[in-house]
Every structure is written in C-alpha cells, then in structure tokens.
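Some notes on the structure that comes next.
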Amino acid sequence: MPRAVVGISGLTFDVSHYTKGASSKCMNIHGHTFKLSVEVEGFINEDTGMVIDFIILKKIVREIINEYDHKVIVPKKDVGKISIKGPFNAEMKVIDYPEATTEYIALDIAKRIYEKLKMPVRVKLYEGENNYVIITWGFEQSEQK
Numbered sequence: 025m026p027r028a029v030v031g032i033s034g035l036t037f038d039v040s041h042y043t044k045g046a047s048s049k050c051m052n053i054h055g056h057t058f059k060l061s062v063e064v065e066g067f068i069n070e071d072t073g074m075v076i077d078f079i080i081l082k083k084i085v086r087e088i089i090n091e092y093d094h095k096v097i098v099p100k101k102d103v104g105k106i107s108i109k110g111p112f113n114a115e116m117k118v119i120d121y122p123e124a125t126t127e128y129i130a131l132d133i134a135k136r137i138y139e140k141l142k143m144p145v146r147v148k149l150y151e152g153e154n155n156y157v158i159i160t161w162g163f164e165q166s167e168q169k
C-alpha cells in the first residue's frame, strides 16, 4: 500500500513569550501571531481511500494550539520566578523545555500530534510572516517498523 503525506495549513494562534538566549529586545515579554502548517505521513487506507480525514487532523491540531492561544508561554524552570499583575488576565502555558522559543513550541506541538495520531509528523511554525521553524517527529520510529 502506498504511503502519502497529508497536510493542513493556515492555522493561527497568538502568544506572548520571552527568549533569554536572544537579542536584548526579545528578553522582554513580546507577542507573535504564529501560523502553523502540519503534515502527517501514513498508508492510504483501502476502505476510506484516505491517510486521515482532514476534519479529524484539523480538530486534533486545533485542540493542541488552543492550549497556547492568547497565553504567555513560560518554560517550566521559570514558573516560580514570574509574577504578572495588572488590570488584565495573564494566563500562562507552561512548557517542559529550557526556553520558550519558537523551536521548542514547534517541537512540543509536533510531539503532541504524534502522541495522538502515532503518525510521522512535520510541523512548520511561522513566527510572524518571514521567520519559521520546521520540526519533524516520528519518522525514525516509522522507519524501524
């Protein structure tokens, strides 16, 4: 049975974060509109003629990125060190990575999609219009089968 790559694109979500390893400006809390594309690879199911239903793929990816949307992304190691107060909400999304970079956010999303689908996944995450990260996850596991 042939393998195929199925993808969705144009999903967006907004986050705030800070990146300590970057330029001094980026150490300040700042925000981005992230744009996400996701591809999964698998065998075409003879009964359905699909690798996966686009609706199911979008639903799973939306559930994951909704956990990030309009939140301050914080690395786990910094949780006790942060206090944000004011006449506003500042909900945090804690990630278990050393920094809240676009690379680690994309990696977290890719791993979580893989955990739900058990299909090799490629995530392309745009930070703004021109900067992006590509993460692949699960291809090594599928090659060993």
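Residues in the sequence shown are numbered consecutively from 25, following the working numbering. Beta carbons: idealized from backbone N, C-alpha and C, even for Gly.
Original post:
According to the Cβ coordinates, are alanine 130 and isoleucine 159 closer than 9 Å?
Top reply: Result yes, Cβ atoms of alanine 130 and isoleucine 159 sit closer than 9 Å.
Original post:
What does a CB cutoff of less than 6 Å around glycine 162 pick up in its chain, not counting 5 residues either side in sequence?
Top reply: Beyond the five residues adjoining it in sequence on each side, glycine 162 comes within less than 6 Å, by CB distance, of Tyr138, Pro144 and Val145 in the same chain, given in chain order.
**OP:** Return the chain-ordered list of same chain residues with a C-beta closer than 6 Å to the C-beta of serine 40, the five sequence neighbours on each side being excluded.
**Re:** Here serine 40 has Ile53, Gly55 and Val96 as same chain residues with Cβ atoms under 6 Å from its own Cβ, once five neighbours each way along the sequence are excluded.
Original post:
Is DSSP giving methionine 143 helix, strand or coil here?
Top reply: Annotated three-state conformation of methionine 143 is coil, per DSSP.
Original post:
Quick one: Cα of glycine 110 to Cα of asparagine 155, how far?
Top reply: Distance between the alpha carbons of glycine 110 and asparagine 155 is about 31 Å.
Subject >> glycine 152, DSSP secondary structure in three states >> reply: Reduced to three states, the DSSP call for glycine 152 is coil.
Subject >> Cα-Cα separation between glycine 34 and leucine 149, rounded to whole angstroms >> reply: Their backbone Cα atoms lie some 10 Å apart in a straight line.
Original post:
So, isoleucine 89 versus lysine 140, is the Cβ gap smaller than 9 Å?
Top reply: Cβ atoms of isoleucine 89 and lysine 140: not closer than 9 Å.
Subject >> aspartate 132 versus isoleucine 119: straight-line alpha-carbon distance, rounded >> reply: Separation of aspartate 132 and isoleucine 119 (C-alpha to C-alpha, rounded to the nearest whole angstrom) is 8 Å.
Original post:
Does DSSP classify methionine 51 as helix, strand or coil?
Top reply: DSSP, reduced to helix, strand and coil, places methionine 51 within a helical segment of the structure shown.
Original post:
What is the rounded straight-line gap between the Cα of lysine 44 and the Cα of proline 122?
Top reply: Going from the Cα of lysine 44 to the Cα of proline 122 covers about 10 Å.
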